[in-house]
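See below for the structure under consideration.
Residue numbers (this note's numbering), protein chains in the order written: chain A, 4 to 402; chain B, 4 to 402.
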């Protein structure tokens, strides 16, 4: 007898990992908008709206601004596959898992890839990139704005300067930062920048908002070889998302609905107010963690606001704590990747998940879980410190 | 003053183009299931369910059965990019737009691509492929089961025989047929087969269900070079969808919910009942069209059941008719692509859109639209013929 499966029935988690983040009820609702054909005039208007809102998000006038029809990693691949070809040289600043992925994708284009690596928990020093690139004709300098694998942020302006010195395109992976930390594509002259829907935008995973400026477009046009991936070949995609709306592939319609709504909510809140919300929740989380006796992987000046890496204290079992948080409190946080597995927790406060209430709940839940695990801490200290930090830093606008 | 955008507000269309098709309310509802992390035990169970249901859909035991995290074209690219590398030879049977796309993707791998083309409206004769491949060591024979650009279906068994003679992998694009026309991956020995969610499965676009058998897996493992696309590299993807659940990229969670629900509905209806529903609605549509004096592009023995190509009669303006159908009746049908632009209409009866009611409504609406455009027809003849066809062919199971 064939087993039959029932309808979905799982709990509503509080998503405090490095993505996906929890979603606003309005974003869920947007996915219920009736399905449309991908060339329906009503859908074309929705695409137009989405592009207008994406330009506001990235703070750019770039014509080439649209969501790649796949998850965040597809944004990295679109950037690498369209910019690089055999004979080119790229420098990738490697501060963790996701910049290693960028280097992997760059290498698959046939380009030579120079890597400048940092120790886990540290950003790559721009000077190191300068030295690694010395004497080379570098076409592209790639980096990850905020490394979700370590909680480390890079200084984009310092990297813009290095890229200028090298005469290279600056490619910025803003998957975990865009919408949660200051980033202005035009003012900071980022040639290519992309993000993902399920992080600070709090839409479902499935799209990678992408923008490229005139210098990048020129590089795409000057290619000698075809892009090896048809799916990610911007030459064609832009006929669909650009003026002509020529059919390329069927857009993931419901995901575009959700993204449009999520961007509408970013617009409603205002970019700067949203950045500030992420900054102050992060500050409260850090104050609470430190008051509980936990220490952070990254130094204060290198920390992302949106994903925080906390060291697992000695004697405490990483996976057990995460399992307890999920089973008892319905909270998801993440462990470390690769060499940091078992050594850190990664806590995301992104988009809709980034709220004072979630900071306080997590600290309270973590306190109980750690105390049960035998970790010595001063009861209530974490929540008290977070509350103090929040009251010293009133929100620009209450949500 | 910055313009602000409102919530989505567009009509619910009746989607009778070549996809996306209309969706069952239960599939909409599934997308409202709470967002989960991509490594959450509850999500891993949902992935397991989805794989079980996909194996039933494809009628296969293949271990390597999962949804590629992007739209249908990504299924073609995953097949080509993983199977082929420089030095290989592929033969692609080209009967229209989507098989041309397959040939394009095959060529981007660096493989030599031999094309065997048919005239528009005709399938490719297997004999033609045999001759084109003569004297070549062919690694892969690719074809599109049902060409949505022309409404033409290929005989898979005849192609299996050619592939056997050539010692080649048989790769079948079943984007517009899987779930709507007979297709059994194991019994028909299709080495690689893929489809898309927004056609006969009636889930939103955004995933490409994919399956590959042992011979294909062997080819993937024996590659000398890396797959040029990281995103579509099965080596890594299968660690996530296979037993280990190692993180590759974040799955499009809400889309997986929708696909699981859509597959659950396929399972509830039963594959054969579902195929039969598509056959009889197609037959009724054809009877109605012919009774109205319209003629079809493809000969009866070559027609797909799921997408029907009808010739635009002389004196009638293609785009005007489609616009009227949309504006007056809220019905979407499609025009022709490439050389067939302006010459045919493409009518999809797929998944949830494939119902007796939709056949009758379309015929009635088309009759009025064509009559207003000056086309001579016998009033009521289309609907009468369709009703007669339907009553001569009772449903196996009423919906």
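Idealized CB from N, CA, C, for every residue including glycine.
Everything numeric in this text was worked out from a predicted model, so none of it was measured.
From the beta carbon of residue i, is the nearest beta carbon of chain A less than 8 Å away?
{"i": "residue 36 of chain B", "result": "yes"}
{"i": "residue 31 of chain B", "result": "yes"}
{"i": "residue 408 of chain B", "result": "As shown, chain B starts at 4 and ends at 402. That puts residue 408 of chain B outside it, with no answer to give."}
{"i": "residue 328 of chain B", "result": "no"}
{"i": "residue 201 of chain B", "result": "yes"}
{"i": "residue 353 of chain B", "result": "no"}
Which residue from the options puts its Cα closest to that of residue i?
{"i": "residue 190 of chain A", "options": "A/370, A/360, A/355, A/59", "result": "A/59"}
{"i": "residue 361 of chain B", "options": "B/371, B/334, B/375", "result": "B/334"}
{"i": "residue 339 of chain A", "options": "A/311, A/65, A/233, A/156", "result": "A/311"}
{"i": "residue 260 of chain B", "options": "B/14, B/347, B/29, B/17", "result": "B/29"}
{"i": "residue 294 of chain A", "options": "A/277, A/267, A/380", "result": "A/380"}
{"i": "residue 186 of chain B", "options": "B/136, B/52, B/158", "result": "B/158"}
{"i": "residue 49 of chain A", "options": "B/8, B/300, B/83", "result": "B/8"}
{"i": "residue 135 of chain B", "options": "B/124, B/120, B/369, B/126", "result": "B/120"}
{"i": "residue 388 of chain B", "options": "B/376, B/378, B/367", "result": "B/367"}
{"i": "residue 276 of chain B", "options": "B/182, B/212, B/142", "result": "B/182"}
{"i": "residue 341 of chain A", "options": "A/83, A/103, A/202, A/37", "result": "A/103"}
{"i": "residue 129 of chain A", "options": "A/152, A/353, A/162, A/144", "result": "A/162"}
{"i": "residue 346 of chain A", "options": "A/318, A/329, A/364", "result": "A/318"}
{"i": "residue 382 of chain B", "options": "B/355, B/337, B/145, B/292", "result": "B/292"}
{"i": "residue 3 of chain A", "options": "A/245, A/51, A/164, A/98", "result": "Limits of chain A in this structure are 4 at one end and 402 at the other, which puts residue 3 of chain A out of reach."}
{"i": "residue 350 of chain B", "options": "B/18, B/13, B/14, B/11", "result": "B/18"}
For the alpha helix (DSSP H) containing residue i, list its first residue and its last residue.
{"i": "residue 139 of chain A", "result": "From DSSP, residue 139 of chain A is part of no alpha helix (DSSP H); its letter is neither H nor E."}
{"i": "residue 357 of chain B", "result": "First-last for residue 357 of chain B: undefined, no H or E at that position."}
{"i": "residue 75 of chain B", "result": "75 to 86"}
{"i": "residue 54 of chain B", "result": "44 to 61"}
{"i": "residue 392 of chain A", "result": "384 to 395"}
{"i": "residue 101 of chain A", "result": "100 to 111"}
{"i": "residue 30 of chain A", "result": "28 to 33"}
I need the DSSP call for residue i, collapsed to helix, strand or coil.
{"i": "residue 1 of chain A", "result": "Here chain A comprises residues numbered 4 to 402, so residue 1 of chain A is not present and cannot be evaluated."}
{"i": "residue 9 of chain B", "result": "coil"}
{"i": "residue 295 of chain A", "result": "coil"}
{"i": "residue 341 of chain B", "result": "helix"}
{"i": "residue 334 of chain B", "result": "strand"}
{"i": "residue 266 of chain B", "result": "helix"}
{"i": "residue 93 of chain B", "result": "strand"}
{"i": "residue 323 of chain B", "result": "helix"}
{"i": "residue 186 of chain B", "result": "coil"}
{"i": "residue 19 of chain B", "result": "coil"}
{"i": "residue 233 of chain B", "result": "coil"}
{"i": "residue 400 of chain A", "result": "Bear in mind that the predicted position of residue 400 of chain A carries a pLDDT of just 47, short of 50, making it too unreliable to give a figure here."}
{"i": "residue 370 of chain B", "result": "helix"}
{"i": "residue 200 of chain A", "result": "coil"}
{"i": "residue 155 of chain B", "result": "strand"}
{"i": "residue 122 of chain A", "result": "coil"}
Output yes if chain B places a C-beta closer than 8 Å to the C-beta of residue i; else output no.
{"i": "residue 208 of chain A", "result": "yes"}
{"i": "residue 252 of chain A", "result": "yes"}
{"i": "residue 148 of chain A", "result": "no"}
{"i": "residue 272 of chain A", "result": "no"}
{"i": "residue 18 of chain A", "result": "yes"}
{"i": "residue 74 of chain A", "result": "yes"}
{"i": "residue 96 of chain A", "result": "no"}
{"i": "residue 243 of chain A", "result": "no"}
{"i": "residue 77 of chain A", "result": "yes"}
{"i": "residue 304 of chain A", "result": "no"}
Could you work out which residues of chain B lie near residue i, taking near to mean beta carbons separated by less than 7 Å?
{"i": "residue 191 of chain A", "result": "Neighbours of residue 191 of chain A on chain B: none; closest Cβ ~21 Å, over 7 Å."}
{"i": "residue 335 of chain A", "result": "40, 43"}
Output, in chain order, the set of chain B residues within a Cβ distance shorter than 9 Å of residue i.
{"i": "residue 23 of chain A", "result": "38, 39, 40, 41, 253, 256"}
{"i": "residue 7 of chain A", "result": "267, 270, 271"}
{"i": "residue 49 of chain A", "result": "11, 13"}
List the residues of chain A that residue i touches, going by C-beta distances under 7 Å, in chain order.
{"i": "residue 80 of chain B", "result": "232, 233, 234"}
By the criterion of Cβ-Cβ separation under 8 Å, what are the contact partners of residue i in chain A?
{"i": "residue 115 of chain B", "result": "Within chain A, no residue comes near residue 115 of chain B; the closest Cβ sits about 15 Å away, beyond 8 Å."}
{"i": "residue 26 of chain B", "result": "38"}
{"i": "residue 229 of chain B", "result": "111"}
{"i": "residue 260 of chain B", "result": "11"}
Please compile the residues from chain B whose C-beta is within a distance smaller than 8 Å of the C-beta of residue i.
{"i": "residue 64 of chain A", "result": "The contacting residues do not exist; residue 64 of chain A stays about 14 Å from chain B at best."}
{"i": "residue 275 of chain A", "result": "By Cβ distance, chain B contributes nothing, its closest Cβ being about 14 Å from residue 275 of chain A, past 8 Å."}
Can you give me the start and stop residues for the beta strand (DSSP E) that residue i sits inside?
{"i": "residue 219 of chain A", "result": "Taken as a continuous stretch (DSSP letters only), residue 219 of chain A belongs to no beta strand (DSSP E), being part of the alpha helix (DSSP H) at 217 to 224."}
{"i": "residue 349 of chain B", "result": "347 to 351"}
Using the beta-carbon of each residue, which ones in chain A are nearer than 9 Å to residue i?
{"i": "residue 167 of chain B", "result": "Residues of chain A passing the Cβ test: none, with the nearest at roughly 29 Å."}
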